[in-house]
Amino acid sequence: MTADSVLVLMYHRVGEARNAWEARYAIGPSRFADHMDALRAEGYRAIDANALIKWLDGGSAPPQRSFVLTFDDGFRAVKEHALPVLTRLGWPFTVFLVSGLIGQQDLWTRSSNPDGVTYPLLNEQEILDMQQAGVTFQSHTRSHASLPTLDDEQLAAELADSRAELQALLGTSVDLLAYPFGHVDDRVARAAAEAGYRAAFSTQPGFNRQSVDRYRIRRLDVYGTDTPVQLLRKMRLGTNDGSAANLARYYWGRARSRFQGTA
Ligand SMILES: [Zn+2]
């Protein structure tokens, strides 16, 4: 059976969280491994982001329960803690890099993290080592700016410079973009296309059908606080709410519409 929709999961840092704010964006290494093992046990299988784009281009659909695994920001801890798990499973994944902050820290979080701390991002050598191991790298802009707030010139530069810098580092074509903070509007989506990106990922949750707007590909936000059971519920429902109550509402709604359909 082939899929009629594909889910994309978004993770950020893999590592321990030091406060409640971080717990949303950072997942402990053992919990991350539990997530992946739970997905495999349920028959899910990661496919490369480019396989998703090929399908959107009109290619054949991937098998049912295929999903795309993405990591935003390019934290060094992804190499340390996620790469070994995903190598063991043989699962491809994509990391969206901030081209102007390679080898530095996630400076854009300093004002929002209550503890004011930042974390190391992958450096060039680490990125090249991971690329050698089969990891795909794409763009998360040049400075992690909120794109709708930029003027046309700044916007074009964020998108084009990032693409050029990453292509120079990686020696491969960089065709995919993840919008920082998920911020996108029509002007930003048009600018992404004009800068040469073939598709872009939002943070709007939901299933991706073949007709999805390729400059607003949906992703589920996986929180560090999600248990494997909550992750599986999110995937079943295509939402960021993995609570048992939300699953119950879903089944209640289905049962009710079935009842009304026969009444
Ligand atoms: Zn980001």
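419 is the number of the first residue of the sequence shown in our numbering; add one for each residue after it.
Don't be surprised by glycine CBs; every beta carbon is placed ideally from N, CA and C.
Between residue 497 and the set 481, 545 and 450, the nearest pair of CA atoms involves 545. Spanning the alpha carbons of residue 475 and residue 465 requires a straight line of approximately 16 Å.
By the neighbour-count definition (other C-beta atoms within 10 Å, threshold 16), residue 603 is an exposed residue. Cβ neighbours of residue 653 within its own chain (closer than 6 Å, five residues either side excluded): 425. The closest CA to that of residue 574, considering only 534, 593, 601 and 610, is found on 610.
Cβ atoms of residue 537 and residue 431 come within 8 Å of each other, at about 6 Å. Note on geometry: alpha-carbon atoms of residue 554 and residue 542 lie some 14 Å from one another. Close CB contacts of residue 434 within its chain, under the 6 Å cut and outside five residues either way in sequence, are with 446 (chain order). Neighbourhood of ligand 1, defined by CB distance below 6 Å to any of its heavy atoms: 490, 491, 558, 562 and 598, in chain order. The three-state reading of DSSP puts residue 454 in helix, counting H, G and I together. Taking a cut-off of 8 Å for Cβ pairs, the stretch 648-662 and the stretch 450-467 touch, as three or more such pairs fall below it.
Burial is judged here by how many other beta carbons sit within 10 angstroms of a residue's own beta carbon; residue 556 has at least 16 and is buried. Of the other Cβ atoms in all chains shown, fewer than 16 fall within 10 Å of the Cβ of residue 458; this residue is therefore exposed. Distance from the CA atom of residue 507 to the CA atom of residue 571, rounded to whole angstroms, is 43 Å. Every alpha helix (DSSP H) of 4 residues or more that sits fully in the stretch 544-596 is shown, in chain order, as 570-588. By the neighbour-count criterion, in which a residue is buried when 16 or more other Cβ atoms sit within 10 angstroms of its Cβ, residue 516 is buried. Of all C-beta pairs linking the stretch 521-540 to the stretch 574-593, fewer than three are shorter than 8 Å, placing the two stretches out of contact.
Straight through space, the alpha carbons of residue 633 and residue 616 are spaced by roughly 8 Å. Residue 600 is positioned such that its CB atom lies closer than 7 Å to that of residue 621. In this structure residue 644 is buried. Its beta-carbon is surrounded by 16 or more other beta-carbon atoms within 10 angstroms. Around the beta-carbon of residue 606, 16 or more other beta-carbon atoms lie within 10 Å, marking it buried. No Cβ-Cβ contact shorter than 7 Å links residue 655 with residue 641.
The shortest C-alpha to C-alpha distance from residue 437 to any of 472, 483, 422 and 531 is the one to 531.
Following the DSSP letters along the chain, one finds residue 653 inside the alpha helix (DSSP H) bounded by residues 646-655.
Uninterrupted beta strand (DSSP E) stretches at least 3 residues long and entirely within the stretch 423-501 occur at 425-429, 463-465 and 484-491, given in chain order. Burial state of residue 533 is exposed, judged by a 10 Å Cβ sphere holding fewer than 16 other Cβ atoms.
Annotated three-state conformation of residue 604 is helix, per DSSP.
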